[in-house]
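Residue numbers (my numbering), protein chains in the order written: chain A, 102 to 359; chain B, 102 to 359.
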C-alpha cells in the first residue's frame, strides 16, 4: 500500500496566522502534516537566514497527522531546521508555504519570506509551492481558494516537480474564482515612497512604504494580469538565475588585463 | 563632453569592511562614488527589507568624488534609500556591491545580502554587479583582484546590461589569477549541520552551520568550477525566475474544480 504523503508547511506570517491555519485545514485530508513556522510575522524576509544568533525549535502541539512547531528563525531557517531535525527517516513528499496574507506576484519572489521558504525547500529536493492571497487583512476570506489549493496540491503530489523548480501561486481575494492560469512572472517593481520624519533627538528617520508598478499591464500572460482578471495564477519558477542569452553575448566583451 | 560616471556602491559586511574600502579605492579613478552601506555586518540577509522599524541614513564623510553614508537597514534597504533620497537629478550609471568577504557562487545568489542589493539595483534599472572574494577573513588579500575589477567595471560601463539582468562575480583568493570565465550558476546547496545545545534554562537551541555541496563537480562551465581552477567567474543572471519549460509542461496538468 502506498504511504500517506508527508507534508511540510511553513509561512512568513507566523504559526498563528489565519492563512496557515486555513492551509492546514485544507491539506489535512491529503496527508500527514508537519508545520514549522516563525513564532511571529517575518514578512519581507526573503531568503534571509540567521547567522549571528541561535535558533529555537519549540513544539506547539502534536496530534495524529498534525505536528506544529514554532521557531524564532526566518522562514528559511524554519525549513532548514525542519529538514535537518525532524525528518531523519523520511524526507517530506512536498512543501507548502502560506497562505500569505497579501499577494506575491512579479518580483515579489525576490523579497517574500513565503517564497524564500519555497526556494529553500526546492534547493533541498522537496517539491515546493507558495500560496498567497491578494488581501493583507488579518480577516481575509481564504474560503474561495479551498478547492483550488487542494487541486494544485494533488497535482503536485501526482506529477512532482523537476529538480530546482518550484511554484508561485497567487489567489485573487474575490468570492468566485474564474479558474487557473499558468503564467510568467510580470515585469515590475515597487516604487518607494519613503516617509521621512524628524527624529526628536535630531536628524531624520525613514519609513519604507511604496506601491507596486506593473511595467507591462497590457501583457496577458503574466501573473499580475491573471490575478487582476480573477484567476489563480501559477508561475513555474526555477532556482537557476543564469541568463544563458547574456552568457552568449558576453563572450564578445574584453576581459584582457594588460 | 561626456559626464563622469556616477557610481553607487553598497555591501553586506558594513561600510567599514576592508572589502568595500578596497572597492572604493579601485573604482575612484572611474567615476564619482556614492556609498550607502549597512552600519555593520548584515550577511545572509538575502533581499530582505525592513518593514516594521524605521530606517536611518547618516552621512559618514563627504569629499570631492566620494560620499559615504551608513544605514541601520539591510543591503536592499540601503539601495532603496539611496535611489530614493540621494539621486534626485540623475540616476547612478552603475551599481557595485562588495567586495564580499567570502564567495557567493551557485545558489548563494538567493541568500547573499551582497547580491540582494545587486538584484534591487537591477530591478530599478541600474546595471548592477556583485563582487565576492573567496576568503571570509577580515584580513583577506583583495590586491590581486584590482585590475580584474577595474576591467569588469569598465566593460559594464561601456556595454551596459540588458534590463532585468545583473552580474555575479566571484574571485579566487590566490596571488595570481588566471583570467575571467563567463559561467552558469552551479547546482548545489548548503548541507546544514545544526549544532544543537542544551539551554541553561531548559530545552535546546541551535547554531546554523554547514558546508556547501557542489552537485556537479565535473561540469566545467559552472562558477564553482572556474573559481576552484583559479579564474574570476562571472555569472550573468536575470531577475525573471519563470521556468518557461515547466510552464509548457504544466499545460497538461488538470486544474478542473468539480
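Glycine included, every Cβ here is placed at the ideal spot set by N, Cα and C.
Can you check DSSP and say which residues form a bridge with residue 315 (chain A)?
-> A:289
By DSSP, does residue 221 (chain A) sit in helix, in strand, or in coil?
-> Residue 221 (chain A): helix per DSSP, three-state reduction.
Thinking just about the alpha-carbon of each residue, which of B:212, B:184, B:151, B:138 is nearest to the one in residue 152 (chain A)?
-> B:212
Within the same chain, show all residues whose beta-carbon is closer than 7 Å to that of residue 118 (chain A), passing over the 5 residues directly before and after it, in chain order.
-> 112, 202
Give the secondary structure of residue 201 (chain A) by DSSP, where H, G and I count as helix, E and B as strand, and everything else as coil.
-> strand
So, using beta-carbon positions, are residue 274 (chain B) and residue 324 (chain B) closer together than 8 Å?
-> no
How big is the Cα-Cα spacing for residue 158 (chain B) and residue 124 (chain B)?
-> 21 Å
N- and C-terminal bounds of the beta strand (DSSP E) containing residue 233 (chain B) | 229-234 is the extent of the beta strand (DSSP E) around residue 233 (chain B).
Quick one, which residues of the region 142-155 of chain A are near chain B if we go by CB-CB under 7 Å, in chain order?
-> 144, 145, 146, 147, 148, 149, 150, 151, 152, 155
Got a sec? Which residues, its chain only, sit under 8 Å from residue 301 (chain B) by beta carbon, not counting five neighbours each side?
-> none
Determine, using beta-carbon pairs with one atom in the region 163-183 of chain A and one in the region 125-144 of chain A, whether at least three such pairs fall under 8 Å.
-> yes
Limits of the beta strand (DSSP E) - the one that residue 164 (chain A) falls within = Taken as a continuous stretch (DSSP letters only), the beta strand (DSSP E) holding residue 164 (chain A) covers 159-164.
So, is the C-beta of residue 114 (chain A) closer than 8 Å to a C-beta in chain B?
-> no
Quick one: residues in its chain with C-beta nearer than 6 Å to the C-beta of residue 267 (chain B), no 5 flanking neighbours on either side, listed in chain order?
-> 219, 223, 229, 338
State yes or no: is the C-beta of residue 272 (chain B) within less than 8 Å of the C-beta of residue 233 (chain B)?
-> yes
Around the C-beta of residue 204 (chain B), are 16 or more other C-beta atoms found within 10 angstroms, so that it is buried, or is it exposed?
-> buried
Return no unless some Cβ of chain B is closer than 8 Å to the Cβ of residue 340 (chain A).
-> yes
Hey, how far is the Cα of residue 279 (chain B) from the Cα of residue 330 (chain B)?
-> 8 Å
Cβ shell of residue 298 (chain A) (< 8 Å), same chain only, five flanking positions each side left out | Contacts found: 305, 306, 307, 308.
Starting from residue 177 (chain A), follow the beta strand (DSSP E) in both directions and report where the run begins and ends.
-> From DSSP, residue 177 (chain A) is part of no beta strand (DSSP E) but of the alpha helix (DSSP H) over 176-186.
Compare the C-beta of residue 260 (chain A) against all C-beta atoms of chain B and say whether one is closer than 8 Å.
-> yes
Whole-angstrom C-beta distance between residue 249 (chain A) and residue 281 (chain A), which should lie under 8 Å = 7 Å
Measure the alpha-carbon distance for residue 350 (chain B) versus residue 264 (chain A) and round it to whole angstroms.
-> Taking the CA atoms as reference points, residue 350 (chain B) sits about 14 Å from residue 264 (chain A).
Spatially closest choice to residue 121 (chain B) from B:145, B:255, B:291, B:242, by CA coordinates | B:242
Since I believe residue 221 (chain A) is in contact with residue 180 (chain A) (beta carbons under 8 Å), could you give me their beta-carbon distance rounded to a whole number of angstroms?
-> The pair is a contact, with the Cβ atoms about 4 Å apart (cut-off 8 Å).
Kindly list the residues whose CB is nearer than 8 Å to the CB of residue 285 (chain B), restricted to its own chain and excluding five residues on each side of it in sequence; keep chain order.
-> Same-chain partners within the cutoff: 322, 323, 324, 336.
Contacts that residue 191 (chain B) makes with chain C (C-beta to C-beta distance below 9 Å) = The chain inventory of the structure shown lacks chain C, comprising the protein chains A and B.
Could one say the Cβ of residue 42 (chain A) lies closer than 8 Å to chain B's Cβ atoms, at least one of them?
-> Residue 42 (chain A) lies beyond the stretch modelled for chain A, which goes from 102 to 359, so this question has no answer here.
Along chain A, which residues have their Cβ under 9 Å away from the Cβ of residue 288 (chain B)?
-> Near residue 288 (chain B) (Cβ distances below 9 Å), the residues of chain A are 264, 265, 340, 341.
With 16 as the cutoff for other CB atoms within 10 Å, does residue 345 (chain B) come out buried or exposed?
-> exposed
Take residue 106 (chain B) and list the residues in its own chain whose beta-carbon comes closer than 8 Å to its own, dropping the five residues that flank it on each side.
-> 131, 132, 133, 194, 195, 258
Spatial distance of residue 174 (chain A) from residue 143 (chain B) (CA atoms) | 15 Å
For residue 232 (chain A), return the contacting residues in chain B, with the cut-off set at a CB-CB distance below 7 Å.
-> Going along chain B, no residue has its Cβ under 7 Å from residue 232 (chain A), so there is no contact; the nearest lies around 14 Å.
Of all Cβ atoms in chain B, is any one closer than 8 Å to the Cβ of residue 326 (chain A)?
-> no
Does residue 210 (chain B) have its Cβ less than 8 Å from a Cβ in chain A?
-> True, the Cβ-Cβ gap to chain A drops below 8 Å.
Name the chain B residues that come within less than 7 Å of residue 66 (chain A), Cβ to Cβ?
-> Any answer about residue 66 (chain A) is impossible in this case: the structure gives chain A only from 102 up to 359.
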